[in-house]
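As given, the protein sequences belong to chains C and L, one line each in that order. If you're matching positions, the first sequence starts at -11 in the numbering used here and goes up one per residue. If you're matching positions, the second sequence starts at -11 in the numbering used here and goes up one per residue. We put the CB at the ideal spot given by N, CA and C, even for glycine. Here the structure comes first, spelled out in structure tokens, and everything after it is commentary.
2 protein chains.
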Amino acid sequence: MDLHEAYDTLLGEFVREYIVLSQIYYILGWDFETYMPPKGVKQRSEELAMMATLEHDRLTNPKIGELLKTIKNDPKYFSLDEEKKRNIELTERKYKRESKIPKELVEKLAKHYPIATDAWKKAKKESNYSLFKPALDKMLELTKEKAHYLDPNKEPFDALVDKYEPGMSSAQYTKLFDELKEGLIPIIKKCVNSPNQPNLSLIKRKVSIPIQKQLSEDIAKLVHYDLERGRIDETEHPFTTGYYDDVRITTHYYEEDFSDSFYSVLHEAGHGIYEQNLEHKYKYQLVGESASYGFHESQSRFIENLIGRSREFWEFYLPRLKEMTGNVFSDVELDPFVYAINEVKPSKIRIAADEVTYSLHIIIRFEIERDLLSGKITTEQLPEIWNAKYKEYLGVDIENDSEGVLQDSHWAGGSFSYFPSYAIGNIYNAQMLAKMVEDIPFKELIKKGELKSIIDWLIKNVHSVSNLYDPPELIKRITGEEISPKYFINYLEEKFSKIYGFS
Amino acid sequence: MDLHEAYDTLLGEFVREYIVLSQIYYILGWDFETYMPPKGVKQRSEELAMMATLEHDRLTNPKIGELLKTIKNDPKYFSLDEEKKRNIELTERKYKRESKIPKELVEKLAKHYPIATDAWKKAKKESNYSLFKPALDKMLELTKEKAHYLDPNKEPFDALVDKYEPGMSSAQYTKLFDELKEGLIPIIKKCVNSPNQPNLSLIKRKVSIPIQKQLSEDIAKLVHYDLERGRIDETEHPFTTGYYDDVRITTHYYEEDFSDSFYSVLHEAGHGIYEQNLEHKYKYQLVGESASYGFHESQSRFIENLIGRSREFWEFYLPRLKEMTGNVFSDVELDPFVYAINEVKPSKIRIAADEVTYSLHIIIRFEIERDLLSGKITTEQLPEIWNAKYKEYLGVDIENDSEGVLQDSHWAGGSFSYFPSYAIGNIYNAQMLAKMVEDIPFKELIKKGELKSIIDWLIKNVHSVSNLYDPPELIKRITGEEISPKYFINYLEEKFSKIYGFS
Chain C
-11 MDLHEAYDTL LGEFVREYIV LSQIYYILGW DFETYMPPKG VKQRSEELAM
39 MATLEHDRLT NPKIGELLKT IKNDPKYFSL DEEKKRNIEL TERKYKRESK
89 IPKELVEKLA KHYPIATDAW KKAKKESNYS LFKPALDKML ELTKEKAHYL
139 DPNKEPFDAL VDKYEPGMSS AQYTKLFDEL KEGLIPIIKK CVNSPNQPNL
189 SLIKRKVSIP IQKQLSEDIA KLVHYDLERG RIDETEHPFT TGYYDDVRIT
239 THYYEEDFSD SFYSVLHEAG HGIYEQNLEH KYKYQLVGES ASYGFHESQS
289 RFIENLIGRS REFWEFYLPR LKEMTGNVFS DVELDPFVYA INEVKPSKIR
339 IAADEVTYSL HIIIRFEIER DLLSGKITTE QLPEIWNAKY KEYLGVDIEN
389 DSEGVLQDSH WAGGSFSYFP SYAIGNIYNA QMLAKMVEDI PFKELIKKGE
439 LKSIIDWLIK NVHSVSNLYD PPELIKRITG EEISPKYFIN YLEEKFSKIY
489 GFS
Chain L
-11 MDLHEAYDTL LGEFVREYIV LSQIYYILGW DFETYMPPKG VKQRSEELAM
39 MATLEHDRLT NPKIGELLKT IKNDPKYFSL DEEKKRNIEL TERKYKRESK
89 IPKELVEKLA KHYPIATDAW KKAKKESNYS LFKPALDKML ELTKEKAHYL
139 DPNKEPFDAL VDKYEPGMSS AQYTKLFDEL KEGLIPIIKK CVNSPNQPNL
189 SLIKRKVSIP IQKQLSEDIA KLVHYDLERG RIDETEHPFT TGYYDDVRIT
239 THYYEEDFSD SFYSVLHEAG HGIYEQNLEH KYKYQLVGES ASYGFHESQS
289 RFIENLIGRS REFWEFYLPR LKEMTGNVFS DVELDPFVYA INEVKPSKIR
339 IAADEVTYSL HIIIRFEIER DLLSGKITTE QLPEIWNAKY KEYLGVDIEN
389 DSEGVLQDSH WAGGSFSYFP SYAIGNIYNA QMLAKMVEDI PFKELIKKGE
439 LKSIIDWLIK NVHSVSNLYD PPELIKRITG EEISPKYFIN YLEEKFSKIY
489 GFS
């Protein structure tokens, strides 16, 4: 078998099938979260376990090792183009990583995901952590086991992080987060202590769910999320799943606060357009996936915040909101509304947090999951520690677990070491924005509601680059610099000093 | 490896996994028909093909042959209980059958299903057969190829029929259908020629879709379809899919005629309760599947017609319908309404056909698909022949393909040799009813809306028996007799002579 034949077999027979299998897994997961009958949990758990082990089998087939050897030993390997070399590298990484995890563990984890998520949903509904704890214990135990197989010499958090941010570590996160905290805290203080506080009654007005659904479609289209290749559904916790021509987002509607779902949709549509605009010629190749969870968050939070919470956006959209909601907002003026939309206020719920305090929610989760995984804290202590950290970092009192430790679904799904990517996303996107404004008149375009050039910039620089580079290199290629929180801090300072009128 | 070990491996490793895979296939199919974004067709086609080939791989693994040999050569084989022997027999049949079909063909068929179905939907919408013809040609060609692999010595129709009605043949169908026609035609004539015709304006009144959805839930619950283990969605063509704890039905709402969806829901719920009440101890075994498509239809049409179109049902349900629909039906009286619900009138659309003419729709399809498969007629001639047969058998003029040859989705999905099962279902269910009335006061129970004993009878005699017996034996065990159309003819004569007032 020559180099090219080996490459084609590797991609056509193993990578391609692995990706198709993983897409089926995501469809089953989406269905589980959206429309599956409540008592279908156990059956679904069997199905997910089956798909996960099939994926694992595909990825760990010893033939992959042989093909990789054939390819890399061939003298012509070095003359392969970059895309092919990248595909080979990514395949080798995945093969090596996945081969460390026993199939039985993969099966157990996949089986436990719907069961733990179901327990989480019930616990959240009843605000009763004890209903979730046994399932969480098991998920944590299985996750630690996985971390141990991946790298017994690393802290579990660090062994797991590669899946979300290749090359990251808890040490680097700590460093970035320290810098972030240092920049955020003075801004938070100035905002919170400002004598003029926003008037939230400008936002929190009843908008019927059918109207909110129309808003969802309208803004999804506005940011070029393709509804012919996507959908918007409702789930307890908003998320995005899918790939290329079938990318689905979800939201959660609250009649009393349209902005909740409004920003969920913008956020998830930001994820959605990333997946929809991955380079089509790389479809079913590892190079054709997104760069990392942090890059994904950079796109979702770019749309949600840098666009959706800007004054310019509302200059364009407020008249439209008024038109679409009857007379609900007819008395509302631009500046007070933008002020309310951008209220900085330490709060309990991450996904409803403002741009400034948001990262503190992530830092809390980062510290907790690192310590949970290392065994420094137990699930028994979890609610107490959660609440104490919310008091310490954000100054808020958590009154029940539903608005505390039960608010996010990630741990139920086995996603540990994932949360930090959210904060990394903030850092990336402000850094990208600083570059984007050199290329196109960002604010002027938004004012006119002409988002096409902005989305095109993201497609060109991020989406269609797909997984050609690891995140550290990708951010450097896009912005000319290594990852740095300073742009994000600068962005916040500039924006909020204007809104809150401090200097 | 001893007998029991071989049996456990066979069931645990191969049959179980095959069934889980096939359930995943059905979920993907359901999603394709309900919520998949329109441009996801090609991606879904890859996913379905992947699942179909995985199923095929599982079922045709040569180890199955070895395990079967080990089991059957063991002298203790004969002392195995009947359930185990049946599982072995069913596995052997499936293994032998599936092994004849090349994997490539399985893949092609699965890939073509969503593409052909998509083409069919568009063609139906535009009532333009030529949009569907190329996809149908390809599906027909692949199906003929499959039939040839299954048995080159049989007519293609007969090679395929085992999947739907084990042991049936076109010769037997012809015989049964001749008997059926002979009984039906005089009844149809008497009804059609009756001077008193029903007043359809008693039914065809506008009922809003949200109210119709409430009706759907109400009647689904009434017939004990478990919505905790099921759902009701909307599709172009109603269907049921799923297994045990996740069984899904669909319907299609028309504002101007509530009865359309009403009977679709009763029909599909009849399928649904069959799947939900399969014997739980047989789950993930071949003996734990339904007996045949004909038996499935016997259950759906039992609920739809024998219960849902009876005078006794409306004695109970008409007041409820009135209550749930405001004053839409407030002036309606029982007998004229039952008369209208049971109008016998040769018509164009199978799923809207009355109980008497329904079987003629099936006979037309049976003749056509038999001839299409044998090459006696071409897809070029199809609309013309379809329309000619509708004129000949039912006396109706088909004005466009949407209400003609494009009305059903089956051929787009590759389901050839399936239609006759619908008529067989009518024969089975009337035969079962004749037996049921010996055991329980069928009519009195319906009058009171107390369906539990009726459903329990079906669970005991059909659902929970699952796939322990082939259809010919099952019908004999239930009724003491071989399949016979006479009960169905008697049932129709008795019912319609009363309604139409002839003798």
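Whose Cβ in chain L lies nearer than 8 Å to the Cβ of residue i?
i	result
Leu42/C	Leu42
Gln31/C	Gln11, Tyr231, Tyr232, Asp233 and Asp234
List the residues of chain C whose Cβ lies closer than 7 Å to the Cβ of residue i, in chain order.
i	result
Ile273/L	Residue identity check: residue 273/L is Gln in the sequence provided, not Ile. What Gln273/L touches in chain C: nothing, since even the nearest Cβ is about 14 Å away.
Glu5/L	Met38
Glu34/L	Val8
Can you tell me whether residue i is buried or exposed, with buried defined as 16 or more other CB within 10 angstroms of its CB?
i	result
Thr366/L	exposed
Glu256/L	buried
His(-8)/L	exposed
Met39/C	buried
Ser491/L	exposed
Phe66/L	exposed
Ser204/L	buried
Asp342/C	buried
Asn417/C	buried
Glu355/L	buried
Ala159/L	exposed
Met(-11)/C	exposed
Ser403/L	buried
Ser118/C	exposed
Val8/C	buried
Gly258/L	buried
His225/C	buried
Lys429/C	For clarity, residue 429/C is Pro in the given sequence; the question names Lys instead. Exposed: under 16 other Cβ atoms inside 10 Å.
Val425/L	exposed
How close, in whole Å, do the beta carbons of residue i and residue j come, if the pair is a contact with beta carbons under 8 Å?
i	j	result
Val94/L	His44/L	4 Å
Phe2/C	Ile76/C	Not a contact, Cβ separation roughly 12 Å.
Trp108/C	Ser472/C	Not quite, the Cβ-Cβ distance comes to about 36 Å (not below 8 Å), so this is no contact.
Ile337/L	Glu391/L	6 Å
Val180/L	Val332/L	7 Å
Phe407/C	Arg358/C	The Cβ separation is near 10 Å, so there is no contact.
Thr229/L	Gly401/L	Rounded, the Cβ-Cβ distance is 12 Å, inconsistent with contact.
Ile295/L	Ile487/L	Not confirmed; about 16 Å, so no contact.
Gly140/C	Lys132/C	The sequence shown places Pro at residue 140/C, not Gly. About 11 Å separates the two Cβ atoms, so there is no contact after all.
Can you list the residues of chain L that residue i reaches, using a CB-CB cut of under 7 Å?
i	result
Met(-11)/C	Going along chain L, no residue has its Cβ under 7 Å from Met(-11)/C, so there is no contact; the nearest lies around 22 Å.
Distance cutoff 8 Å, beta carbons only. Does residue i sit that close to anything in chain B?
i	result
Val393/C	Absence of chain B from the displayed structure is noted, the protein chains being C and L.
Exercise. Taking any Cβ of chain C, which residues in the stretch 208 to 237 of chain L have a Cβ under 9 Å from it, in chain order?
Worked result: For the stretch 208 to 237 of chain L, the set of positions with a beta-carbon nearer than 9 Å to some beta-carbon of chain C reads Asp214, Leu215, Glu216, Arg217, Gly218, Arg219, Asp221, Gly230, Tyr231, Tyr232, Asp233, Asp234, Val235 and Arg236 in chain order.
Exercise. Is it a yes or a no for the stretch 348 to 362 of chain L touching the stretch 464 to 482 of chain L, going by three-plus beta-carbon pairs under 8 Å?
Worked result: Taking a cut-off of 8 Å for Cβ pairs, the stretch 348 to 362 of chain L and the stretch 464 to 482 of chain L do not touch, as fewer than three such pairs fall below it.
Problem set entry | chain C contacts made by the stretch 14 to 28 of chain L, where a contact means CB separation under 9 Å | Ile15, Leu16, Trp18, Asp19, Thr22, Tyr23, Met24, Pro25, Pro26, Lys27 and Gly28
Problem set entry | Three or more C-beta pairs below 8 Å linking the stretch 271 to 279 of chain C and the stretch 451 to 467 of chain C | yes
Exercise. Counting Cβ pairs closer than 8 Å, one from the stretch 461 to 470 of chain C and one from the stretch 25 to 32 of chain L, do we hit at least three?
Worked result: no
Exercise. Is it a yes or a no for the stretch 412 to 419 of chain C touching the stretch 282 to 300 of chain C, going by three-plus beta-carbon pairs under 8 Å?
Worked result: yes
Exercise. Counting Cβ pairs closer than 8 Å, one from the stretch 153 to 173 of chain C and one from the stretch 313 to 330 of chain C, do we hit at least three?
Worked result: Taking 8 Å as the limit for Cβ pairs, the verdict is that the stretch 313 to 330 of chain C does not touch the stretch 153 to 173 of chain C.
Exercise. Can you find at least 3 beta carbon pairs, one from the stretch 219 to 237 of chain L and one from the stretch 305 to 325 of chain L, that sit closer than 8 Å?
Worked result: Using a Cβ-Cβ distance cut-off of 8 Å, the stretch 219 to 237 of chain L and the stretch 305 to 325 of chain L are not in contact, since fewer than three pairs of beta carbons, one from each stretch, lie closer than that value.
Exercise. At a cut of 8 Å, does the stretch 183 to 196 of chain C reach the stretch 312 to 321 of chain C through at least three beta carbon pairs?
Worked result: Contact between the stretch 183 to 196 of chain C and the stretch 312 to 321 of chain C is present: three or more C-beta pairs spanning the two stretches fall below 8 Å.
Problem set entry | Stretch pair the stretch 55 to 65 of chain C + the stretch -5 to 13 of chain C: three plus CB contacts closer than 8 Å | yes
For this session: Report yes or no: do the stretch 89 to 106 of chain L and the stretch 368 to 377 of chain L share at least 3 C-beta pairs separated by less than 8 Å?
Result: no
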